[in-house]
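Q:
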Amino acid sequence: MKHTYFPLVLFCFLSQSLLGQFGISLNSPEALQSYTLFETRFNTHLIDNCGEIVNTWENAFRTDLHPKLLPNGNLIFIKNNAVFELDWDDNVVQETRHNISDLMLDYEVIVLPNGNYLCVARRIRSSFFFTTQGYNPSLGRPEYDDAIVEIVPGTGEVVWEWTISDHIIQERNPSLANYGKIDENPQLLNLDAISTFDWEFGESFMINGMDYNADLDQIVLSVRKINEIVIIDHSTTTAEAKGSTGGRYGKGGDILYRFGNPQNYLPGVSADRILYFQHNPNWIKYGEHKGKIIIHNNGLNRPGVNFSDLYSSLEIIDPLMDENGNYELVGGFTFSPLEPNFSYNRITTGTYFYSGYTSSARVLSNGNIYITEGVNDRFLEINPEGEVVWEYTNQFGSYIFRSEKYPMDYPAFNNKTLIPNGTVEEPSSPYDCKLYTTSTAEQIPVALKMSVKVLNDKLVVDLPSNELFNLDVFDMMGRKVTTKNSIRLVDYDLSIENLNSGIYIVSVYNQKQQTTEKIFIN
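Letter by letter, the sequence shown follows residues 7 to 528 in the working numbering.
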């Protein structure tokens, strides 16, 4: 792989994605300056924006189902029913096992503010158990009861648990305690809503991911086989989580909010459904949609679409809450919004990606969105307009569940040596990727000689050339704050009076050459 090293910051100019190429195929200046974490079939790698490996954990493979990097630099993941933490050098520094025989940890672990682990889990039941709950055995053979548990690191003590079977309803057997009118109880999940589209055994509702909101003390869950996301209260005790009273919101462990398929609790038509076997709902922390929820909508079995034309989408929703923290029902019946507040897909934004299974989406600190296209082992970063600004394909993946992207100032990287050391793919991608490096490697000289000065709220750029250039100014998060196209830069003045104090990168380029320079505005 070829690199161009600049003395201060890395940029790569927009290039056409190399279809079918493993490794890096696109890295534009709009991409977040960052490192990407993902698991292969053999280990877990951290790569820079040009696909070069900067760290590897050989003890993190075949996890359940993906690793994350903690702010302290440890790698955390679930494997073989235990939570592991590895340090930067691949040493196991914490292994946490519980002693509950029918409890199986899976999919996701989150470190809570108190240091405990919040995990997606399964209680191992039987198909008979679900039949005794009112499930129609002719529909399938579910055996796992979804749960969320809080575990103390080291000891493995389970100090809090929420179980989905405590909050179900059915209209089949009036002799059972969970019998009731489904359309009168939106806080409960319809047992007959469990999909049998792709398999009819093992999983029941199938929670495949979650996120935690510390301000609200709420957990958002992706409940795959009913095509909904739901929100529950974490402030309850375990006893309260089994019932319908108690906790910060007074509803115990009942559903506080749900979105994606209102037919599950109301009469309706198929057109009301939004989600199709979704993954990875999470609260947005950055950008114009901060505070809302983003969902990777896989689009599997999307109606009215030929198989060859199936597409995934990203749904952004803004659930309405009243002054007491209760989620509002539109007309007293349906949780808001009725439709996504915004959607990224091939129709609305021209952004095409499709993965019927696994996958994820998260808004980055620069406002871009990072997507894991799981089935194709492809990682994408798109800007707010839906344009792809970074793309990488994992050669040694296999239905990768999720990957993570961290900004260069993420605390995990403090005092770490991050030297590019080859690529994951073999052979390396031929893409000409240009990257700033903090290593002591010899700099490749830049052909252009540009002078940049800040004078009286103006940026004075002097590039002695009669050629036309494009000029972009980026902040240190990689966000483009100013752009000018097709200009001559002999003593060119650019107003910067609207820019805040700080460090910026001036990038000048055309089809033949390029250069960058750092400036400081005070």
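Using N, Cα and C, we set each Cβ at its ideal position, and we do this for glycine too.
Excluding sequence positions up to five away, which residues of its chain have a Cβ less than 7 Å from the Cβ of residue 160?
A: Residue 160 sits at position 154 when you count from the first residue of the sequence shown. Once the five neighbours on either side are set aside, the close Cβ partners of residue 160 are 100, 102.
Q: Report the three-state DSSP secondary structure of residue 257 (helix, strand or coil).
A: Along the sequence shown, read from residue 1 onward, the residue named residue 257 stands at position 251. The answer is coil: DSSP assigns residue 257 none of H, G, I, E or B.
Q: Would you call the CB atoms of residue 234 and residue 265 closer than 9 Å?
A: Taking the first residue of the sequence shown as 1, we reach residue 234 at position 228. Taking the first residue of the sequence shown as 1, we reach residue 265 at position 259. Closer than 9 Å, so yes.
Q: I'd like the span of the beta strand (DSSP E) that includes residue 114, first residue to last.
A: Numbered from 1 along the sequence shown, position 108 holds the residue referred to as residue 114. Segment 109 to 117, the beta strand (DSSP E) holding residue 114.
Q: At which residue ranges does the region 163 to 250 contain complete beta strand (DSSP E) runs of 3 or more residues, listed in the order of the chain?
A: Qualifying beta strand (DSSP E) stretches, in chain order: 164 to 169, 213 to 219, 224 to 229, 234 to 239.
Q: Is there at least one non-hydrogen atom of the ligand HEM closer than 8 Å to the beta-carbon of residue 265?
A: For the ligand HEM, the structure offers nothing, since it holds no ligand at all.
Q: Using three-state DSSP, classify residue 427 as helix, strand or coil.
A: Residue numbering aside, residue 427 sits at position 421 when the sequence shown is read from its first letter. Correct three-state label for residue 427: coil.
Q: Within the continuous beta strand (DSSP E) that includes residue 399, where are the two ends?
A: On the sequence shown, residue 399 is found 393 positions in, with the first residue counted as 1. Residue 399 -> beta strand (DSSP E) spans 394 to 399.
Q: For the 8 Å Cβ check, are there 3 or more pairs between the region 77 to 96 and the region 115 to 129?
A: Touching, yes.
Q: Do the region 335 to 343 and the region 351 to 360 make contact, defined as three or more Cβ pairs closer than 8 Å?
A: Because the criterion of three Cβ pairs below 8 Å is not met, the region 335 to 343 and the region 351 to 360 do not touch.
Q: From the DSSP output, read off the bridge partner residues of residue 72.
A: In the sequence shown, counting from the first residue as 1, residue 72 sits at position 66. Looking at the DSSP assignment, residue 72 forms no beta bridge with any residue, so it has no partner.
Q: Might you give, ordered along the chain, the residues of its own chain that have their beta carbon closer than 7 Å to the beta carbon of residue 142, omitting 5 neighbours on each side?
A: Along the sequence shown, one-based indexing puts residue 142 at 136. Excluding residues within five positions, the ones whose Cβ falls inside 7 Å are 178, 198.
Q: Are the CB atoms of residue 347 and residue 322 nearer to each other than 9 Å?
A: Numbered from 1 along the sequence shown, position 341 holds the residue referred to as residue 347. Numbered from 1 along the sequence shown, position 316 holds the residue referred to as residue 322. A contact, by the Cβ cut-off of 9 Å.
Q: Alpha carbon to alpha carbon, how far is residue 181 from residue 112? Give it in angstroms, no decimals.
A: Residue mapping note: residue 112 aligns to position 106 of the sequence shown, counting from 1. Residue mapping note: residue 181 aligns to position 175 of the sequence shown, counting from 1. When rounded, the distance between both Cα atoms is 34 Å.
Q: Pull up the distance between the alpha-carbon of residue 252 and that of residue 331, whole angstroms please.
A: As a working note, residue 252 is residue 246 in the sequence shown. As a working note, residue 331 is residue 325 in the sequence shown. About 14 Å.
Q: Relative to the alpha-carbon of residue 66, which residue among 421, 50, 349 has its alpha-carbon at the smallest distance?
A: Position 60 of the sequence shown holds residue 66. Among 421, 50, 349, the Cα nearest to that of residue 66 is on 50.
Q: Whose C-alpha, out of 500, 477, 502, 501, is nearest the C-alpha of residue 491?
A: Numbered from 1 along the sequence shown, position 485 holds the residue referred to as residue 491. Comparing Cα-Cα distances from residue 491 to each of 500, 477, 502, 501, the minimum goes to 477.
Q: Between residue 236 and residue 261, which are expected to be in contact by the criterion C-beta below 8 Å, what is the C-beta distance as a whole number of angstroms?
A: Here residue 236 refers to the residue found at position 230 when the sequence shown is read from its first residue. Here residue 261 refers to the residue found at position 255 when the sequence shown is read from its first residue. About 5 Å separates the two Cβ atoms, so the contact holds.
Q: Mind checking who residue 473 pairs with in its DSSP beta bridge?
A: Within the sequence shown, the letter at position 467 stands for residue 473. Answer is none; residue 473 lacks a bridge partner.
Q: Do you know how far the Cα of residue 158 is from the Cα of residue 122?
A: Position 116 of the sequence shown holds residue 122. Position 152 of the sequence shown holds residue 158. Their Cα atoms are separated by approximately 5 Å.
Q: Where do the ends of the beta strand (DSSP E) carrying residue 348 lie?
A: As a first step, residue 348 must be located in the sequence shown, where it is residue number 342. Residue 348 -> beta strand (DSSP E) spans 348 to 350.
Q: Would you decide whether residue 509 is buried or exposed? Buried here means 16 or more other CB atoms lie within 10 Å of its CB.
A: As a working mapping, residue 509 is identified with position 503 in the sequence shown. Exposed, by the Cβ-count rule.
Q: Taking the continuous beta strand (DSSP E) assigned at residue 457, which residues delimit it?
A: Residue mapping note: residue 457 aligns to position 451 of the sequence shown, counting from 1. From DSSP, the beta strand (DSSP E) with residue 457 extends over 457 to 461.
Q: So residue 288 and residue 217 are in contact, right, with Cβ under 8 Å, and what is the actual spacing, rounded?
A: On the sequence shown, residue 288 is found 282 positions in, with the first residue counted as 1. On the sequence shown, residue 217 is found 211 positions in, with the first residue counted as 1. Right, their Cβ atoms sit about 4 Å apart.
Q: Along the chain, which unbroken stretches of the beta strand (DSSP E) at least 3 residues long are found entirely within the region 300 to 369?
A: Runs found: 319 to 323, 348 to 350, 366 to 369.
Q: Can you tell which of 151, 267, 207, 191 has the C-alpha that lies nearest to the C-alpha of residue 213?
A: Position 207 of the sequence shown holds residue 213. Here the closest residue by C-alpha is 151.
Q: Alpha carbon to alpha carbon, how far is residue 277 from residue 513?
A: Taking the sequence shown and counting its residues from 1, the one referred to as residue 277 is at position 271. Taking the sequence shown and counting its residues from 1, the one referred to as residue 513 is at position 507. Using only the alpha carbons, I get a separation of about 47 Å.
Q: Taking all protein chains shown into account, decide if residue 462 is buried (16 or more other Cβ within 10 angstroms of its Cβ) or exposed.
A: Taking the first residue of the sequence shown as 1, we reach residue 462 at position 456. The residue in question, residue 462, is exposed, as its Cβ has fewer than 16 Cβ neighbours within 10 Å.
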